[in-house]
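Basically this note's numbering = 1-based index in the sequence shown + 3. Note that the Cβ used here is the ideal one computed from N, Cα and C, for glycine as well.
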Amino acid sequence: MMATLPTLGIVMGNLYTVAIGYTLPWHYLCFVSAIPAIVFTIASFFLPESPSYLVIKGQHEKAISLLKSLRGDYTNIEAEVTKLECMNSSSSSGWKGLMSKETLRRIAVVITTFFLSQMCGNFVMMIYTARILENTGAPMDPDAITAIAGVLRVAGTLAAVFLLDRLGRRYCLLISHVINAFCMIILGIYVHMAEAAAPDDGIFSKLSWLPMVCVMTSLFFCDIGVHPIPFIISSEYFSTNIRAQVSKKNKIKKKFKQKTFW
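Take a look at the structure:
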């Protein structure tokens, strides 16, 4: 459940921006959108370091004290600290730890999931939702479509909270990609045939709801697996002592794929 919170924060932030945009001009929207960032920046100064980081730095007393405040007095804190020590001492730290065969295999898996996430077309769909549906003759206002898309993304992330632990990461990712691909294929076929159809052909005007259903279904199911799972496994697959280096490599490649796809 906790693993989906970053994705939930992203989609809630997008929905917040869309909702505020209905009532404020864009130049005021910039200032209002900065409020959560300012609050987060101030609050980050009061956040403690993670227990794993404290263990790596040899600050065991601080790690035990922090774990007690998080877990309470009814758990075996010493055993958890010992487990953290074993996890972070089992492999080389820093950049040297990236060269082991097992780590490289896991990096390849994570990079592949990020690659598929960026190249599946869903991010382009999110950016151009209103334009795509407007050009395909969707029977709704573009602003309303954008708001509905934001709500569906939140709903998809909430569904992931319950499905990720029940079905597992693999099945959620597979279901998400398959349904997204199916929606993309149907949308592509519709647009291709609609552009080639005669002007007096009324079939596609009756099917103007189909692109909207494809886009909305794609956005919903991608937040069940395509978007959250690459970030989840990038933190679960690696110990704390090499997680920062792996995350940097993955984020650089993620941004590169976004720019080259567009």
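Open item on the list: Tell me the residue span of the alpha helix (DSSP H) that contains residue 144.
Closed with: Note, residue 144: premise wrong, no alpha helix (DSSP H); not H, not E.
Task: Inter-stretch contact at 8 Å, needing at least 3 Cβ pairs: the region 186-201 / the region 30-42 - done: no
TODO: Have a look at residue 268 and residue 197 and give me their C-alpha separation to the nearest angstrom.
DONE: As displayed, the chain neither begins before 4 nor continues past 265, which places residue 268 out of reach and without an answer.
Task: Residue ranges of each alpha helix (DSSP H) within the region 95-133, 4 or longer - done: 104-122, 125-130
Open item on the list: Buried or exposed, going by whether 16 or more other CB atoms sit within 10 Å of the CB of residue 214?
Closed with: buried
Task: For residue 226 and residue 168, the rounded distance between their alpha carbons - done: 15 Å
- [ ] Could you spell out where the alpha helix (DSSP H) holding residue 17 opens and where it closes?
- [x] 8-24
Open item on the list: Counting C-beta neighbours from all protein chains within 10 Å, is the total for residue 281 16 or more, i.e. buried, or is it exposed?
Closed with: Any property of residue 281 remains undetermined from this structure, which presents the chain solely from 4 to 265.
Task: residue 37 to residue 201 span [Cα, whole Å] - done: 49 Å
Open item on the list: Here's the rule I'm using: 16 or more other beta-carbon atoms within 10 Å means buried, otherwise exposed. How should residue 73 be labelled?
Closed with: exposed
Open item on the list: With H, G and I counted as helix, E and B as strand and the rest as coil, what does DSSP make of residue 28?
Closed with: coil
Open item on the list: What residue range does the alpha helix (DSSP H) around residue 234 cover?
Closed with: 231-239
- [ ] Could you say which of 39, 16, 231 lies nearest to residue 166 if we only look at CA atoms?
- [x] 231
Task: residue 79 - DSSP class collapsed to helix/strand/coil - done: coil
Task: Simplified DSSP state of residue 211, which is helix, strand or coil - done: coil
- [ ] Note down the Cα distance separating residue 155 from residue 222, rounded to an integer number of angstroms.
- [x] 7 Å
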